[in-house]
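Participant: I am attaching a structure below and will ask some questions about it afterwards.
Number of protein chains: 2
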Amino acid sequence: MTAPALSERIRREIEAKILSGGWPPGTKIPGEVALMAQYGCARMTVNKALSALAGAGLVTRKRRAGTIVAHPRAQSMVLEITDLAGEIAARGQVYEWRLLRHAERRSDHPEMPGTVLETEGVHYADHAPLAFEQRLISTAQVPEILAADLAQTAPGTWLLAHVPWTEAENRITAAAASPALAHALEIAPGDPCLIVTRRTWRAAAPVTLVTQHFAATRHELVARFGATNR
Amino acid sequence: MTAPALSERIRREIEAKILSGGWPPGTKIPGEVALMAQYGCARMTVNKALSALAGAGLVTRKRRAGTIVAHPRAQSMVLEITDLAGEIAARGQVYEWRLLRHAERRSDHPEMPGTVLETEGVHYADHAPLAFEQRLISTAQVPEILAADLAQTAPGTWLLAHVPWTEAENRITAAAASPALAHALEIAPGDPCLIVTRRTWRAAAPVTLVTQHFAATRHELVARFGATNR
DNA sequence: GACGCAGATATGTACAGACAATTAAACGCG
DNA sequence: CGCGTTTAATTGTCTGTACATATCTGCGTC
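Residue numbers (our numbering), protein chains in the order written: chain A, -7 to 222; chain B, -7 to 222.
Next up, the structure:
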């Protein structure tokens, strides 16, 4: 148990005041010099604490105007979409991936120009089908994917391990299972499915576009948001 | 156009190197003293830039070992769940809220002990039903809610404006519409619905528990993730 | 009263130095 | 060669100081 840094302590104490409602939105909180005197430290130390709070969106800072507690606008929550293989393993279930189809072809999709590798497969948790996945991968951006054994490793897992960093956009919706999808997921046609579509870029160039269909009875997405998200 | 701060410029340049793949995961990036010499500035300035990157999760820093580019593990995306009223208004649609039922009672829900205000209603976008909402609000945490006119203002909107800050957990799943739900949303029974359940706390005390049912054909959730999330 | 300018005030950013904490790597010893 | 110890590299944090920058406040002028 090492003592937490002073700036961290200050940050926490102010955060607690805000979260508990002691300083409601709109409150002007003490200036840096005042806090500096209160804690008996240098201004940089206080500044670090306040900057962190501003970064987390709990306060707004303006020169001369001071630091005021921000009004919450939206519940912005952090949704961690881990790779399915990792997520299932983390829950202590047996993960399997079955590749149904893969082919390199020219893309007709406006969001994924050029040649792409197209894959289709099913993710299994404890031997029960969890998600049916359709994916396009830009071979221009990730030529190495052609050498990967995608029957062994799911393309999402491979990409996570080999493509350095990404930007992504996710769309979540629901639909009734088509006969083909119902067959793949071993559910009845018309059963509700959760559909997650994710487009991923790397430095503004599209890398992959994936649509995952989950049997709603077997899966749900969970996200947690804490104001202390740093 | 004021010149960006030097520490910000350094942060950006390193970030660009990482995002472009120039410094793949696992790369050890130059130490603080080296960067300090390169940019001709103080160590504090470099430290600020690197700390920001560490906070964003792009790099991992360890004493003696140095700063290394992190391996992406999960796609952690920021999902902004704005209040429905705001979201619909932002899309340029007409928003309406119709309160169907509200009653104060003792809660039997294990997650929301004590007396609660229970509300049910429907959110409309351009006069078409968008979401059916069931909600429990702790009257111990938010006694003022009893005086609010919830036929006029949706409870979510009221809470966003009056409760300072929150932690929340969201669950997203899908289900087929029950006859009652189908009637409220003006869809056919059995049609797929997107279900969002959100529990909200304020300083560890539960504030509200809400379940929103969306007609999947009329709504989808969109979330965007940039590696530069600060 | 309306307008504009000057000054006060608060934050933004940076510098230079210092010491602490951690831990990888080199070293020494059996 | 294996293992414990020392060394040194690297980041973590803080202290003061300094100047820049934005903007609120109040005063003076017309």
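For each residue, glycine too, the CB sits at the ideal point set by N, CA and C.
On a predicted model such as this, the values are computed, not experimentally measured, just so you know.
Under the assumption that V86 (chain A) contacts H119 (chain A) (Cβ atoms under 8 angstroms), give the Cβ distance between them as a whole number of angstroms.
Facilitator: The Cβ separation is near 7 angstroms, so the contact holds.
Participant: Are the CB atoms of I80 (chain A) and L45 (chain A) within a distance shorter than 8 angstroms?
Facilitator: Cβ atoms of L45 (chain A) and I80 (chain A): not closer than 8 angstroms.
Participant: With distance defined between alpha-carbon atoms, name the residue in A:V155, A:T52, A:A139, A:A123 nearest to I10 (chain A).
Facilitator: Ranking A:V155, A:T52, A:A139, A:A123 by Cα distance to I10 (chain A) puts A:T52 first.
Participant: Under the DSSP definition of a beta bridge, which residues are partnered with Q204 (chain A)?
Facilitator: Per DSSP, A:E125, A:V188.
Participant: Is R222 (chain A) buried or exposed, if buried means 16 or more other CB atoms sit within 10 Å of its CB?
Facilitator: Residue placement at R222 (chain A) is poorly supported in this model, since its pLDDT is 29, which falls under 50; the coordinates still yield a value, given next. R222 (chain A) comes out exposed.
Participant: Is any beta-carbon of chain B found at less than 8 angstroms from that of L152 (chain A)?
Facilitator: So, interface residue.
Participant: According to DSSP, is T37 (chain A) helix, strand or coil?
Facilitator: It is helical.
Participant: Starting from I179 (chain A) and walking both ways along the beta strand (DSSP E), at which residues does that stretch end?
Facilitator: Looking at the DSSP string, I179 (chain A) is not in any beta strand (DSSP E), and its letter there is neither H nor E.
Participant: Would you decide whether S130 (chain A) is buried or exposed? Buried here means 16 or more other CB atoms lie within 10 Å of its CB.
Facilitator: So S130 (chain A) counts as buried.
Participant: Go through its chain and collect everything with a Cβ distance to A143 (chain B)'s Cβ below 6 angstroms, but skip five positions before and after it.
Facilitator: Excluding positions up to five away in sequence, the list reads L91.
Participant: Nearest to P(-4) (chain B) by CA position, among B:A41, B:M28, B:G18, is which residue?
Facilitator: Selected option, being the one with the closest Cα: B:A41.
Participant: Considering R53 (chain B), what are the terminal residues of the beta strand (DSSP E) in which it resides?
Facilitator: Run containing R53 (chain B): 51 to 54, per the beta strand (DSSP E) assignment.
Participant: Check the DSSP bridge columns for I6 (chain B) and list the partner residues they point to.
Facilitator: For I6 (chain B), which the question treats as bridged, DSSP gives no partner whatsoever.
Participant: Give the interface partners of A195 (chain A) over in chain B, defined as CB-CB distance under 7 angstroms, in chain order.
Facilitator: Neighbours of A195 (chain A) on chain B, chain order: L11, S12.
Participant: Quick one: does V214 (chain B) have its CB under 8 angstroms from some CB of chain A?
Facilitator: Interface residue, yes.
Participant: Identify each residue in the stretch 158 to 171 of chain B for which the Cβ-Cβ distance to at least one residue of chain A is less than 8 angstroms, and report them in chain order.
Facilitator: Listed by position, the residues of the stretch 158 to 171 of chain B near chain A (Cβ gap below 8 angstroms) are T158, E159, A160, E161, N162, R163, I164, T165, A166, A167, A168.
Participant: Would A219 (chain B) be called buried (16 or more neighbouring beta carbons within 10 Å of its own) or exposed?
Facilitator: Confidence at A219 (chain B) is low in this model, with a pLDDT of 43, below 50, so the placement of that residue is unreliable and no value is reported for it.
Participant: Compare the C-beta of P121 (chain B) against all C-beta atoms of chain A and say whether one is closer than 8 angstroms.
Facilitator: Output row for P121 (chain B): interface = no.
Participant: Flag C185 (chain B) as yes if its beta-carbon sits less than 8 angstroms from any beta-carbon of chain A, otherwise no.
Facilitator: Taking Cβ atoms only, chain A reaches closer than 8 angstroms to C185 (chain B), which makes this a yes.
Participant: Say whether chain A places a C-beta atom closer than 8 angstroms to the C-beta of P135 (chain B).
Facilitator: It does not: the Cβ of P135 (chain B) has no partner Cβ on chain A nearer than 8 angstroms.
Participant: Taking the alpha-carbon of E112 (chain B) as reference, which of B:L177, B:G47, B:Q126 has the nearest alpha-carbon?
Facilitator: Closest by alpha carbon: B:Q126.
Participant: Leaving out the 5 sequence neighbours to the left and right, which residues in its chain are closer than 8 angstroms to L(-2) (chain B) when beta-carbon positions are compared?
Facilitator: Closer than 8 angstroms at Cβ, skipping near neighbours: Y31, C33, T37.
Participant: On the DSSP letters alone, give me the boundaries of the alpha helix (DSSP H) that A89 (chain A) sits inside.
Facilitator: The residue asked about is misnamed: residue 89 (chain A) is Trp in this sequence, not Ala. W89 (chain A) -> not in any alpha helix (DSSP H); beta strand (DSSP E) instead, spanning 87 to 98.
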